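Protein chains in written order, with this note's numbering: chain W, 107 to 358; chain A, 107 to 358. Glycine included, each C-beta is placed from N, C-alpha and C at the ideal position. It should be emphasised that the depicted structure is a prediction, and the values quoted were computed from it without experimental measurement. This report refers to the structure that appears directly beneath it.
Number of protein chains: 2
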Amino acid sequence: MKLKKDFNTVAILIIGNEILSGKTQDSNLNFIAKRCNHLGYLVKEVRVVRDDEKQIIMALKDLSKLYIHVFTTGGIGPTHDDITAECVAKAFNRKLVLNKKAHELLINHYKNLKIELNESRLKMAMVPANAKLIKNSVSSAPGFKIKNVWVLAGVPKIMQAMFLEDIEPKLNKGKKIFSKSIKIFKPEGDIAKFLSELQIDNKNIDIGSYPFYNPPNIGTTIIFRGYENNNINNAIKLLCKHLTKAKIQFLK
Amino acid sequence: MKLKKDFNTVAILIIGNEILSGKTQDSNLNFIAKRCNHLGYLVKEVRVVRDDEKQIIMALKDLSKLYIHVFTTGGIGPTHDDITAECVAKAFNRKLVLNKKAHELLINHYKNLKIELNESRLKMAMVPANAKLIKNSVSSAPGFKIKNVWVLAGVPKIMQAMFLEDIEPKLNKGKKIFSKSIKIFKPEGDIAKFLSELQIDNKNIDIGSYPFYNPPNIGTTIIFRGYENNNINNAIKLLCKHLTKAKIQFLK
Chain W
107 MKLKKDFNTV AILIIGNEIL SGKTQDSNLN FIAKRCNHLG YLVKEVRVVR
157 DDEKQIIMAL KDLSKLYIHV FTTGGIGPTH DDITAECVAK AFNRKLVLNK
207 KAHELLINHY KNLKIELNES RLKMAMVPAN AKLIKNSVSS APGFKIKNVW
257 VLAGVPKIMQ AMFLEDIEPK LNKGKKIFSK SIKIFKPEGD IAKFLSELQI
307 DNKNIDIGSY PFYNPPNIGT TIIFRGYENN NINNAIKLLC KHLTKAKIQF
357 LK
Chain A
107 MKLKKDFNTV AILIIGNEIL SGKTQDSNLN FIAKRCNHLG YLVKEVRVVR
157 DDEKQIIMAL KDLSKLYIHV FTTGGIGPTH DDITAECVAK AFNRKLVLNK
207 KAHELLINHY KNLKIELNES RLKMAMVPAN AKLIKNSVSS APGFKIKNVW
257 VLAGVPKIMQ AMFLEDIEPK LNKGKKIFSK SIKIFKPEGD IAKFLSELQI
307 DNKNIDIGSY PFYNPPNIGT TIIFRGYENN NINNAIKLLC KHLTKAKIQF
357 LK
């Protein structure tokens, strides 16, 4: 089965055993998802894989075929378990080479810090041949881009700087996606039928229904998303008209 | 490329637009990952997909082939965007049928609450033919299991109750995985070479290296995992011996 490759779809590939063992709560997915949403890109899929060559290569091949952009996080540091650059090179049949510009960046960075640029650190200048570097304003060691894959650090502060400062200005802005959320203090089952009809009558927006359950607070968060604010507002008006007696809270 | 299906490997499939739009920070991955780790299962892969039939079916087919167990979260409520049960039925060529036991559970639940069991709510008793139900002690509407796929609710409180109360007792315990973490206040690049040698000399454990960067706190968290506590302790001793001058913190 093949998925259509839409003009504005992206995927995120999170690489790292620590997420999959539950030792670390990932926050990179949520950050990139929010930024993509803001930029008008639709995140269609996320995969989280271990620091495992076969898994990383398989995910890279799958996702780069299916989506316009792929953002990876993790595995580009100096230690033995940082194998992302090597895997990206293999996935795209490129050699892993010492990148001159990356090398210079590291030389200057460690010179300023009076720290030795040892063999381990030099590994961070090894990137697939003909990759384009992604600036790292926090700790210098760059990310890189090859084909439609953007390879970022896993440390949130560094990943965020790379994304905001160097990637966002290079992405074509998609069509802005508007979004509004309301909280209804009624269980999903009470409003499901009306919501379903509302979705059928308003195909130009996406209506999502998410129950919350923290007794005595039981109810449903409804998220409206679409390319026109008017369409969203109209649907919300209709829903509120239907729910005259329910407690409703408009979220930011 | 095919991955080996090991005896203790599992995958998690998180279903829901709200995670991919960044509106909601997922917490189900981390919960299931921690429990699996505790039980001796290795979470090898996580996928997050939209409420999209093609995507859900493709992920279900891929993951159920590759891993011993697959845990899905989300999309089994009463609203129009809850399509998981339908997709699971399609993925495994089963009919979606009104499950008698699930129907009874819902009848009793809503009778007690004096709430109408309407058509929308009845949808929660529609499960693939011959699926086994998973108990929901929070809000009655059950999850279900078909082949090696366990289908759970998306609301964390409900998902957690299902997992702890009904799934864990049914899982064969894997070989317990021990894990210890230490925080070293030295950048990764300083210890990378030694760590790499330590990993080569200690193939029976897994040594993960994760930088943290919150100036003035800069350093590396090292996670040791393995089937024997002794092997982990020996490796930690060797590392500490190597790092006599560094500040080290033992984590819980």
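Spatial neighbours of residue i in its chain, beta-carbon cut-off 6 Å, leaving aside the 5 residues before and after
i: W/Lys-362; result: Residue 362 of chain W lies beyond the residue range present for chain W, which begins at 107 and ends at 358; the question has no answer from this structure.
i: A/Ser-133; result: Pro-262
i: A/Lys-358; result: none
i: A/Lys-220; result: none
i: A/Val-203; result: Ala-235
i: A/Met-164; result: none
i: W/Ile-329; result: Ser-287 and Gly-314
i: A/Asp-307; result: none
CB contact flag (residue i, residue j, <9 Å)
i: W/Arg-141; j: A/Gly-128; result: yes
i: A/Lys-207; j: A/Leu-239; result: yes
i: W/Glu-225; j: A/Lys-299; result: yes
i: A/Thr-360; j: W/Tyr-316; result: The displayed coordinates of chain A run from 107 to 358. Any statement about residue 360 of chain A would go beyond what the structure contains.
i: A/Leu-119; j: A/Leu-166; result: yes
i: A/Ile-189; j: A/Glu-222; result: no
i: A/Leu-227; j: W/Gly-295; result: Here residue 227 of chain A is Arg; the residue named in the question, Leu, does not match the sequence. Cβ distance < 9 Å, so A/Arg-227 and W/Gly-295 count as in contact.
i: A/Ile-162; j: A/Phe-269; result: no
Proximal residues to residue i (C-beta, below 8 Å), its chain only, five neighbours per side dropped
i: A/Lys-110; result: For A/Lys-110, the predicted structure reports a pLDDT of 46, less than 50, and the residue's modelled location is therefore unreliable. A value from the coordinates is still provided. Here the set comprises nothing.
i: A/Phe-318; result: Lys-289, Ile-324, Gly-325, Thr-326 and Thr-327
i: A/Val-176; result: Val-116, Ala-117, Ile-118, Leu-119, Leu-166, Leu-169, Ser-170, Asn-254, Val-255 and Trp-256
i: W/Glu-271; result: Lys-241 and Ser-243
i: A/Ile-283; result: Asn-143, Gly-146, Leu-148, Arg-331, Gly-332 and Tyr-333
i: A/Asp-187; result: Asn-123, Asp-157 and Gly-181
For residue j and residue i, believed in contact at Cβ under 8 Å, the rounded distance
i: W/Val-244; j: W/Asn-205; result: In fact, because the Cβ distance is near 19 Å, the residues do not count as touching under 8 Å.
i: A/Ala-442; j: A/His-209; result: As shown, chain A starts at 107 and ends at 358. That puts residue 442 of chain A outside it, with no answer to give.
i: A/Ala-259; j: A/Asn-236; result: Going by Cβ atoms, the distance from A/Ala-259 to A/Asn-236 rounds to 21 Å, so no, they are not a contact pair.
Spatial neighbours of residue i in its chain, beta-carbon cut-off 7 Å, leaving aside the 5 residues before and after
i: A/Lys-108; result: Note that A/Lys-108 scores 40 on pLDDT, short of 50, meaning its location in the model is unreliable and no value can be drawn from it.
i: A/Ser-64; result: Nothing about residue 64 of chain A can be read from this structure; chain A reaches only from 107 to 358.
i: W/Leu-304; result: Ile-313, Ala-341, Leu-344 and Leu-345
i: A/His-348; result: Phe-300
i: W/Ile-273; result: Ile-240 and Trp-256
i: A/Val-194; result: Leu-166, Pro-234, Ile-252, Val-255 and Val-257
i: A/Pro-248; result: Ala-208, Leu-211, Leu-239, Ile-240, Lys-241 and Asn-242
i: W/Phe-356; result: Ile-288
i: A/Leu-135; result: Ile-118, Ile-120 and Val-152
i: A/Asn-218; result: none
Any chain B beta carbon closer than 9 Å to residue i
i: A/Arg-227; result: Among the protein chains in the structure shown, which are W and A, there is no chain B.
Proximity test, residue i beta-carbon vs the ligand GTP heavy atom, cut-off 8 Å
i: W/Gln-161; result: The ligand GTP is not part of this structure, which contains no ligands at all.
Would you check if there are 3 or more beta carbon pairs closer than 8 Å linking the segment 186 to 200 of chain A to the segment 265 to 275 of chain A? no
Is the number of C-beta pairs between the segment 180 to 190 of chain W and the segment 137 to 151 of chain W that are closer than 8 Å three or more? no
For the pair the segment 272 to 288 of chain A and the segment 132 to 146 of chain A, tell me if three or more CB-CB distances fall below 8 Å. yes
Are the segment 119 to 134 of chain W and the segment 348 to 358 of chain W touching by the rule of at least three beta carbon pairs closer than 8 Å? no
Using 8 Å as the cut-off, can you tell me whether the segment 330 to 348 of chain W makes contact with the segment 299 to 317 of chain W, which would need three or more C-beta pairs spanning the two stretches below that distance? yes
Complete alpha helix (DSSP H) runs within the segment 243 to 290 of chain W (minimum length 4 residues, chain order): 262 to 268
Which runs of the alpha helix (DSSP H), 4 residues or longer, sit entirely within the segment 182 to 210 of chain A? 190 to 197
Quick check for students: name the residue ranges of the beta strand (DSSP E) that lie wholly in the segment 278 to 355 of chain W, counting only runs of 3 or more. 284 to 290, 311 to 320 and 323 to 332
Let me know the beta strand (DSSP E) ranges lying completely inside the segment 115 to 176 of chain W, each 3 residues or longer, listed in chain order. 115 to 121 and 148 to 155
Within the segment 218 to 243 of chain W, ranges of the beta strand (DSSP E) (whole runs, at least 3 residues): 232 to 234 and 238 to 240
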